[in-house]
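Using the numbering used here, the first residue of the sequence shown is number 16, and each one after it goes up by one.
Heads up, the beta-carbon is just placed ideally off N, CA and C, and yes, glycines get one too.
Down below is the structure, laid out as structure tokens.
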Amino acid sequence: MKQDMDATDSSANAAAAEKSGKGEPGKKPEKNLYEPYSTPRVLYELIRFIAKAFFFLVARVHLRGRYNVPKKGPYIIASNHLSWTDIPLVPAYIPGKVVYMAKEESFHSKVGWLVRFLGAFPVKRGEGDRQAIRAAQEQLKQKKVFVIFPEGTRSKAHTLGKAHAGLGMIALRSGVPVIPVAIWGSENALKKFGAHVTISYGEPLLLKPKGNKITREDIADATNKVMKRIAEMLPERYRGEYADLSTNQPVDLNSIN
16 MKQDMDATDS SANAAAAEKS GKGEPGKKPE KNLYEPYSTP RVLYELIRFI AKAFFFLVAR
76 VHLRGRYNVP KKGPYIIASN HLSWTDIPLV PAYIPGKVVY MAKEESFHSK VGWLVRFLGA
136 FPVKRGEGDR QAIRAAQEQL KQKKVFVIFP EGTRSKAHTL GKAHAGLGMI ALRSGVPVIP
196 VAIWGSENAL KKFGAHVTIS YGEPLLLKPK GNKITREDIA DATNKVMKRI AEMLPERYRG
256 EYADLSTNQP VDLNSIN
């Protein structure tokens with residue numbers, strides 16, 4: 016009887032292992048996309064050099080406040096998002112490697128390998144993705160530099176859109192400084208030869224909850240504080256949802272449900 020039970024257990028374990036891809040000869044285990052690929056430093060710096068050289072040739076990049084950026088992590092870079100060119104431009108002029116959140120769909124596209132190679136991990140847009148938030152916190156615990164675009168997507172109107180609350184939650188839980196970044200002109204970087212692009216790096220913000228526990232109000236206030244600072248650094252025509260700097264703007268709290 017015991018032998019029959021042992022045989023049954025062994026069969027069940029083998030089936031579970033086969034289903035998960037573990038234990039099956041010749042089959043590689045699935046990659047954990049929430050653990051960003053660690054790009055070799057030499058390759059990363061080569062890619063950075065190529066990106067900077069490319070934008071030097073096609074645009075006129077102006078940098079402001081780069082002295083506000085710490086030499087080492089952990090810290091968060093929070094930037095507005097006008098064009099896909101923001102993704103290489105914003106971190107190109109800061110020291111060290113960075114990690115990103117990128118929309119989940121990117122990892123299943125033709126350039127999915129490149130997205131992962133550059134240090135990104137997925138986030139499910141339009142819903143509370145706690146796994147992505149935990150992944151960001153884990154990267155900051157490892158003293159990484161984390162880049163986030165709080166609007167969640169590029170602005171089609173080329174103005175600041177409503178921010179998601181993920182930024183506030185990550186900043187409050189990790190307790191690391193947030194560097195607000197304003198970029199403008201990047202929407203023209205590949206449309207007009209010699210277009211002027213400005214990247215302004217603001218003073219670090221250390222965000223804290225009002226009490227012992229982090230509340231939804233704390234998260235909304237922290238997110239608004241960063242977004243207002245970004246808006247202050249932008250020319251008025253780019254401020255969009257945050258044009259009125261005297262009042263709190265709406266924050267999408269779905270990302271913390």
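Range covered by the alpha helix (DSSP H) that runs through residue i
i	result
P110	Taken as a continuous stretch (DSSP letters only), P110 belongs to no alpha helix (DSSP H), as it is neither H nor E.
L147	Residue identity differs from the one stated: residue 147 is Ala in this sequence, not Leu. Residues 145–156.
F136	Element bounds for F136: not the alpha helix (DSSP H) but the beta strand (DSSP E), 135–138.
L129	127–132
Three-state secondary structure (DSSP) of residue i
i	result
P89	coil
R75	strand
P51	coil
T238	helix
K118	strand
T100	coil
V212	strand
A68	helix
A204	coil
G80	coil
K243	helix
I229	coil
R169	coil
L61	helix
A258	coil
L249	coil
Proximal residues to residue i (C-beta, below 8 Å), its chain only, five neighbours per side dropped
i	result
N83	I194, Y216, G217, E218, P219
L48	F122, R131, F136, P137
Q157	P89
A68	none
For residue i, the residue or residues it bridges with in DSSP
i	result
L220	V193
I198	I214
S94	V196
Same chain, Cβ closer than 7 Å to residue i, neighbours up to 5 away in sequence not counted
i	result
L78	Y108, I214
G176	E166, S170, G255, E256
E247	L260
P106	I92, V113, V162
D54	It should be pointed out that residue 54 corresponds to Thr in this sequence rather than to Asp. The residues are K112, F132, L133, G134.
Q152	I185, R188, S189
S98	R169, S201, E202, A204
Cutoff 6 Å; reference residue i; Cβ partners in own chain excluding five residues on either side
i	result
T174	Y253, G255
R244	P195, G217
P103	A66
Q154	V114, F161
N203	A210
T100	S201, A204
S124	none
Residue interval of the beta strand (DSSP E) (run including residue i)
i	result
F161	160–163
CB contact check: residue i to chain B, cutoff 8 Å
i	result
S94	Within the model displayed, chain B is absent; a lone protein chain is all it includes.
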